[in-house]
Amino acid sequence: MTAALAPALDVADWQARRHAHEERVDAWLTPHLGRRRTGVKHPVEDFLFTYYSYRPAQLRRWHPGAGVALRDADAAGFGPDYTASAAGLTLDTDRVRARRAESIAWIRTLLAATAGRPAQFGCFGMHEWAMVYRQTQEQVRHNSWPLRLSPARTAAVVEERGVRCSHFDAFRFFTAPARPLNVLQPTRESQHALEQPGCLHANMDLYKWAYKLSPLVCSELVADCFELAREIRTLDMRASPYDLAGLGYPPVPVETPEGRAEYAAAQRGFAERAAGLRSRLLAALDRAVPAGSR
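Quick note: the sequence shown, position 277, residue 277 per full-length UniProt numbering, numbers continuous.
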């Protein structure tokens, strides 16, 4: 059994959507794949492809989302989760739900809990500084790129500003001496209780939740989340201790009042955009998984 069908898409309509999605994604994939072939690393542009598990080919593949029938579509081009009906090829939502019930419930709870909290904007990107706290240039994760300040001055900034990170998947990369400096000690088990909608990494992770919900959500929404995550990563690294000006990323110097103001303003803008995407993900989930099916 599948979710209630929206009006079926004619072949010209769904093929146009698929083509537009592929063209949009290719603009991100082509440079990354070129660097991968030549062994060149990029600390900003490659992050979403290395940190997250979604492969480039998966991001490029188009899905219409639950409740959409595709006229004259070949099931072989969409995969075993699709079934033919009189209206057209349609995602078998019951099949997907049966296989992913626990994951779907976990993601929905997290999205709803995060959306229900007030956003906090006082971290000023110190999570990235905590990831290099008390390390030498050789020890830091992106050691091909210099730090803007000396290791001693970098550590002093962390100690002066403090660390207010609520996101477990950022906190787990803190250096051992930095972890006690954080006002929270996030764990995977506390993620539903701590995640808040001002956090850059929580908003970047909307991409992860979107692709984990695919094909229940349409690929355009996955791509929208990717686009936001890509922009957030840019701010994240511009506000980090690394000097990436040579790559075209001028610093946001959060060790200064002006830099912190710039960071918080950008963070608020990202939070507003993320709120819309989070709402769209929840709405898509509710269409695909009605309350009585949870």
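Here a beta-carbon is modelled for each residue, glycine too, at the ideal position from N, C-alpha and C. Treat the numbers as computed from the prediction; the structure is a model and nothing was measured.
| Query | Result |
| --- | --- |
| Find the nearest neighbour of Leu235 within the set Glu23, Phe49, Ala264 and Gln185, judged by alpha-carbon distance. | Ala264 |
| Apart from the five residues just before and just after Ala115, which ones in its own chain have a Cβ nearer than 8 Å to its Cβ? | Pro197, Ala275, Arg278, Ser279 and Leu282 |
| For Ala229 and Leu48, I'd like the C-alpha separation in whole angstroms. | 8 Å |
| Can you look up Tyr51 in the DSSP assignment and give me helix, strand or coil? | coil |
| For a quick check, are the C-beta atoms of Val140 and Val163 less than 8 Å apart? | no |
| Residues bridged to Thr187 by DSSP? | None; Thr187 has no bridge partner. |
| Rounding to the nearest angstrom, what Cα-Cα distance links Gly39 and Asp46 in this structure? | 12 Å |
| Does the beta-carbon of Tyr82 have 16 or more other beta-carbons within 10 angstroms, so that it is buried, or is it exposed? | buried |
| Going by DSSP in three states, Ala239 sits in which element: helix, strand or coil? | coil |
| For Tyr133, which of helix, strand or coil comes out of DSSP? | coil |
| Considering Thr93, what are the terminal residues of the alpha helix (DSSP H) in which it resides? | Thr93 to Ala115 |
| By the three-class DSSP mapping on this structure, what secondary structure does Leu281 have? | helix |
| Cys218 to Glu22, Cα distance in whole Å? | 13 Å |
| What's the gap between the Cα of Ser240 and the Cα of Ala210? | 26 Å |
| Excluding the 5 residues preceding and the 5 following His124 in the sequence, name in chain order all residues of the same chain whose CB lies nearer than 6 Å to its CB. | The displayed chain sequence assigns Phe, not His, to residue 124. The answer, listed in chain order, is Val254, Arg260 and Tyr263. |
| How big is the Cα-Cα spacing for Gly269 and Ala223? | 19 Å |
| Within 10 angstroms of the Cβ of Glu102, are there 16 or more other Cβ atoms? Answer buried if so, exposed if not. | exposed |
| I'd like the span of the beta strand (DSSP E) that includes Ala84, first residue to last. | Tyr82 to Ala84 |
| Which same chain residues, not among the five before or five after Leu244, have their C-beta less than 8 Å away from its C-beta? | Pro43, Val44, Trp145, Met237, Arg238 and Pro251 |
| Expressed to the nearest angstrom, what Euclidean distance is found between the alpha-carbon atoms of Gln191 and Ala8? | 39 Å |
| Check whether the segment 87 to 97 touches the segment 23 to 34, counting contact only when three or more Cβ pairs, one atom from each stretch, lie closer than 8 Å. | no |
| Using a Cβ-Cβ cut-off of 7 Å (strictly less than) and excluding sequence neighbours within five positions of Leu91, which residues of its own chain qualify? | Thr2, Ala66, Asp81, Tyr82 and Pro215 |
| Would you mind working out which of Leu221, Tyr242 and Ala284 sits nearest Arg17, comparing C-alpha positions? | Leu221 |
| Alpha carbon to alpha carbon, how far is Gln120 from His19? Give it in angstroms, no decimals. | 39 Å |
| With DSSP collapsed to three states, give me the class of Val163. | strand |
| Per DSSP, what are the beta-bridge partners of Ala69 in this structure? | Thr90 |
| Within 10 Å of its beta-carbon, does Val11 have 16 or more other beta-carbons around it, so buried, or fewer, so exposed? | exposed |
| Can you tell which of Pro180, Lys212 and Arg233 has its C-alpha closest to the C-alpha of Asn203? | Arg233 |
| Which residues does DSSP list as the beta-bridge partners of Asn182? | Val163 |
| If you compare alpha carbons, which of His201, Thr175, Gln137 and Trp129 is closest to Ala156? | Trp129 |
| Measure the alpha-carbon distance for Ala57 versus Ala27 and round it to whole angstroms. | 13 Å |
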